[in-house]
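Numbering (our numbering), first residue to last: 7 to 608.
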């Protein structure tokens with residue numbers, strides 16, 4: 007039994023580490039590791055950024071574009087546990103040019119331990135699953151990629167805040183396509199989702215590339231009565247202006263170069279970020295803004311100036327390119343703004359790529375095992391121990407019962423061949439082999455009966471005329487041995503009955519816990535599609551299947567062993583009756599003597 011337990015534990019120890027090399031689903035032939043590292047040697051974001059839409063930039067230097075769908079429809083991004091499917095959106099995918107831009111919704115970008123994601127591909131039957139509405143969290147109220155061309159820019163969030171005027175497309179921007187500004191404002195809609203309350207929170211970010219460094223150029227402007235919010239550059243120096251109050255000069259930007267600008271308003275402060283790092287701060291509160299905003303030019307006032315009032319000083323248009331414009335209704339963490347700046351540029355330091363891997367034809371059952379969480383492995387490990395114990399008991403009992411049955415059959419032949427001879431003949435002449443004596447339960451019954459007869463002979467009893475009480479005493483001694491033999495045969499059989507009744511419940515417990523975790527993880531990840539739920543559900547149900555797989559063989563084995571035990575018990579009961587009957591006939595007080603013996607006594 008110890009050997010079987012050692013083998014079972016060894017198998018479990020080899021299976022558990024294999025989870026790190028699991029494969030998400032069999033239909034996907036290839037995968038590529040993507041490491042998100044915000045540590046000091048990589049992204050250096052300083053602190054945890056939380057949920058971030060990370061740009062995965064593929065090119066011929068890190069991806070061969072072989073085996074993948076022409077549209078990228080078979081791309082799937084899976085977390086390091088190889089179970090949780092991450093939302094993603096494809097901005098551009100062109101295998102002929104060898105370039106792809108994909109936004110992946112990473113639940114938590116940490117400045118500490120790097121985390122590994124898996125990019126799966128190579129399934130020609132896979133439907134497209136990219137969706138920007140789920141790739142950007144609900145606090146993003148507007149996201150423009152400018153990938154549509156000479157049409158109004160499309161908002162990729164669920165709010166649908168699409169542009170009101172057509173963009174002038176420009177190629178070769180910092181992220182795919184962008185928009186050229188300078189020929190008029192690119193108007194944004196005035197919708198409730200973009201409205202700002204007085205003293206509210208806001209985050210604006212964009213990549214800009216000035217063609218020339220002019221004075222008072224407006225990049226983002228919004229006016230509502232006396233309320234004003236303007237983000238712009240003045241002779242290359244970025245600024246933010248709230249209700250006529252402008253920030254002090256900070257870090258400048260260069261003409262002809264891409265720079266990441268962001269403005270975050272929270273409470274009594276409005277901060278300006280350049281390259282993802284704080285540049286200047288303005289002690290001001292946002293006014294209430296419910297009107298349309300403008301990109302690349304000053305926004306029109308919501309109402310004409312009152313008679314006698316000083317006219318509002320306007321801003322010059324921004325001349326240059328713009329890309330990846332985002333608005334949020336919350337103040338984003340500094341680490342997130344820095345993560346955007348370092349991950350969206352041409353030289354991203356946040357994401358690193360490993361070599362592509364090809365799956366080696368794992369079976370469907372293997373993928374179910376790969377999808378099992380730790381709690382399911384604990385349940386399966388417990389069931390494995392129960393199975394090892396039950397099989398060790400069944401094998402040991404089966405061998406023992408077989409040896410006992412064979413030894414009993416051999417002994418009963420010797421006993422019946424000695425009919426007519428003294429009952430102790432087999433004990434005195436050693437005709438019964440030693441292995442039979444060791445295994446036969448009938449020999450032990452016979453041995454205790456002969457021992458009882460010898461004790462009475464040593465105390466002076468006449469064994470030629472055994473009384474009924476002596477016969478009863480000998481039978482009682484044999485019955486005692488038979489009871490002990492029955493107890494020995496039933497030893498550890500209760501473990502089998504426990505396995506039969508308990509294993510299905512243990513497996514069901516694992517299934518319930520597994521299903522609970524599947525729904526919790528799906529809710530946390532915001533993914534409710536079949537690809538994200540099905541592997542975990544299958545792994546959870548495997549616990550119930552494992553419980554039944556342990557209980558059913560134990561049930562069959564228990565019934566088979568019980569029948570063997572009953573047969574051996576019946577042989578012992580028959581032998582006791584047969585021995586006592588011979589004792590009464592041959593040596594009892596009421597036995598009939600041969601005629602010659604009766605004549606001599608007369």
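Note that beta-carbon positions come from the ideal geometry of N, C-alpha and C, so glycine has one too. Keep in mind it's a predicted model, so treat the numbers as computed, not measured.
Apply the 10 Å Cβ neighbour rule to residue 133 and answer buried if 16 or more other Cβ atoms are within range, or exposed otherwise.
Residue 133 sits at position 127 when you count from the first residue of the chain shown. Answer is exposed; the Cβ neighbour count stays below 16.
Counting Cβ pairs closer than 8 Å, one from the region 29-43 and one from the region 118-137, do we hit at least three?
yes
Does residue 503 pass the burial test, meaning 16 or more other C-beta atoms within 10 Å, or should it be called exposed?
Here residue 503 refers to the residue found at position 497 when the chain shown is read from its first residue. Exposed, by the Cβ-count rule.
Could you tell me which uninterrupted beta strand (DSSP E) segments, each at least 3 residues in length, are contained entirely in the region 99-166, listed from first to last along the chain?
Listed in chain order, they are 105-115, 121-127 and 146-150.
Can you check the region 29-68 for any beta strand (DSSP E) of at least 3 residues that lies completely inside it and give the ranges in chain order?
36-42 and 56-65
Can you give me the start and stop residues for the alpha helix (DSSP H) that residue 410 sits inside?
On the chain shown, position 404 is the one that residue 410 refers to. From DSSP, the alpha helix (DSSP H) with residue 410 extends over 380-423.
Simplified DSSP state of residue 338, which is helix, strand or coil
Residue 338 sits at position 332 when you count from the first residue of the chain shown. Three-state DSSP puts residue 338 in coil, outside helix and strand.
I need the straight-line Cα distance from residue 77 to residue 128, nearest angstrom please.
Reading the chain shown from its first residue, position 71 is the one you call residue 77. Reading the chain shown from its first residue, position 122 is the one you call residue 128. Spanning the two alpha carbons is a distance of roughly 12 Å.
Taking the alpha-carbon positions, what's the residue 152 to residue 195 distance?
Residue numbering aside, residue 152 sits at position 146 when the chain shown is read from its first letter. Residue numbering aside, residue 195 sits at position 189 when the chain shown is read from its first letter. Taking the straight line from one Cα to the other gives about 16 Å.
Three-state secondary structure (DSSP) of residue 503
The residue labelled residue 503 in the question sits at position 497 within the chain shown. Residue state, collapsed to three classes: helix.
Can you tell me which of the three DSSP states residue 586 falls into?
Working through the chain shown from its first residue, we reach residue 586 at position 580. Here residue 586 sits in helix by DSSP.
Between the Cα of residue 402 and those of 291, 564 and 163, spot the shortest distance and give me the residue it belongs to.
On the chain shown, position 396 is the one that residue 402 refers to. Taking only the C-alpha atoms, the option nearest residue 402 is 564.
Under 8 Å by Cβ, that's how I've got residue 301 and residue 192 pegged, so tell me the actual separation to the nearest angstrom.
What you label residue 301 is simply residue 295 of the chain shown in a count that begins at 1. What you label residue 192 is simply residue 186 of the chain shown in a count that begins at 1. That pair is a contact at about 4 Å.
Quick test of the definition: if touching needs 3 or more C-beta pairs under 8 Å, does the region 554-563 touch the region 377-396?
yes
DSSP beta-bridge partners for residue 209?
To locate residue 209, count along the chain shown from 1; it is residue 203. 270 and 334.
Rounded to a whole number of angstroms, what is the C-alpha to C-alpha distance between residue 111 and residue 218?
Translated into the one-based positions of the chain shown, residue 111 becomes position 105. Translated into the one-based positions of the chain shown, residue 218 becomes position 212. Near 35 Å, if we compare the C-alpha coordinates of residue 218 and residue 111.
For residue 432, the first and last residue of its enclosing alpha helix (DSSP H)
If you number the chain shown from 1, residue 432 lands on position 426. That run of the alpha helix (DSSP H) goes 431-435.
Looking at the structure shown, is residue 76 part of a helix, part of a strand, or coil, going by DSSP?
Taking the chain shown and counting its residues from 1, the one referred to as residue 76 is at position 70. Residue 76 falls in the coil class under three-state DSSP.
Thinking just about the alpha-carbon of each residue, which of 63, 569 and 472 is nearest to the one in residue 593?
Translated into the one-based positions of the chain shown, residue 593 becomes position 587. If we check each option's Cα against that of residue 593, 472 comes out closest.
Sufficient close CB pairs (3 or more, under 8 Å) joining the region 480-493 to the region 573-588:
Yes: at least three Cβ pairs fall under 8 Å.
Tell me whether the beta-carbon of residue 299 lies closer than 8 Å to the beta-carbon of residue 226.
Taking the chain shown and counting its residues from 1, one reaches residue 299 at position 293. Taking the chain shown and counting its residues from 1, one reaches residue 226 at position 220. It is a contact, given that the beta carbons lie within the stated cut-off.
Among the candidates 167, 333 and 244, whose CA atom is the shortest distance from the CA of residue 222?
Your numbering for residue 222 matches position 216 in the chain shown. The candidate whose alpha carbon is nearest that of residue 222 is 244.
Taking C-alpha atoms, which residue in 68, 330 and 165 lies nearest to residue 351?
Working through the chain shown from its first residue, we reach residue 351 at position 345. If we check each option's Cα against that of residue 351, 330 comes out closest.
Out of 451, 166, 293 and 203, which one is the CA nearest neighbour of residue 482?
Taking the first residue of the chain shown as position 1, residue 482 is located at position 476. Minimum Cα distance to residue 482 is reached at 451.
Spatial neighbours of residue 465 within its chain, please: CB distance less than 8 Å, with the 5 preceding and 5 following residues excluded, ordered by chain position.
The count along the chain shown starts at 1 and reaches residue 465 at position 459. Cβ within range, chain order: n/a, list empty.
Around the Cβ of residue 162, are there at least 16 other Cβ atoms within 10 angstroms (buried) or fewer (exposed)?
As a first step, residue 162 must be located in the chain shown, where it is residue number 156. Residue 162 comes out buried.
With DSSP as the reference, please indicate the residues paired to residue 193 in a beta bridge.
Translated into positions along the chain shown, residue 193 becomes position 187. Its beta-bridge partners are 300.
How many Å lie between residue 88 and residue 380 at the Cα?
Start at 1 with the first residue of the chain shown, and residue 88 comes out as number 82. Start at 1 with the first residue of the chain shown, and residue 380 comes out as number 374. Taking the straight line joining both Cα atoms gives about 13 Å.
What's the C-alpha gap between residue 220 and residue 187?
Residue 220 sits at position 214 when you count from the first residue of the chain shown. Residue 187 sits at position 181 when you count from the first residue of the chain shown. Looking at the two C-alpha atoms, the distance is approximately 14 Å.
Using 8 Å as the threshold, is the C-beta distance between residue 52 and residue 344 below it?
Translated into positions along the chain shown, residue 52 becomes position 46. Translated into positions along the chain shown, residue 344 becomes position 338. Cβ distance < 8 Å, so residue 52 and residue 344 count as in contact.
Return helix, strand or coil for residue 198, following the three-state DSSP convention.
Counting from one through the chain shown, the residue named residue 198 turns up at place 192. Helix, per DSSP.
Pairs of beta-carbons, one from the region 132-150 and one from the region 330-341, closer than 8 Å: are there three or more?
yes
Just to confirm, is the Cβ distance from residue 3 to residue 410 under 8 Å?
Outside the modelled stretch of the chain, which goes from 7 to 608, sits residue 3, for which no answer is possible.
Return helix, strand or coil for residue 231, following the three-state DSSP convention.
Here residue 231 refers to the residue found at position 225 when the chain shown is read from its first residue. Coil.
My output table needs one value for residue 562: the three-state DSSP class, helix, strand or coil.
The count along the chain shown starts at 1 and reaches residue 562 at position 556. Helix at residue 562.
Pick helix, strand or coil for residue 251, following the three-state DSSP scheme.
Walking along the chain shown from the start, residue 251 turns up at place 245. Strand.
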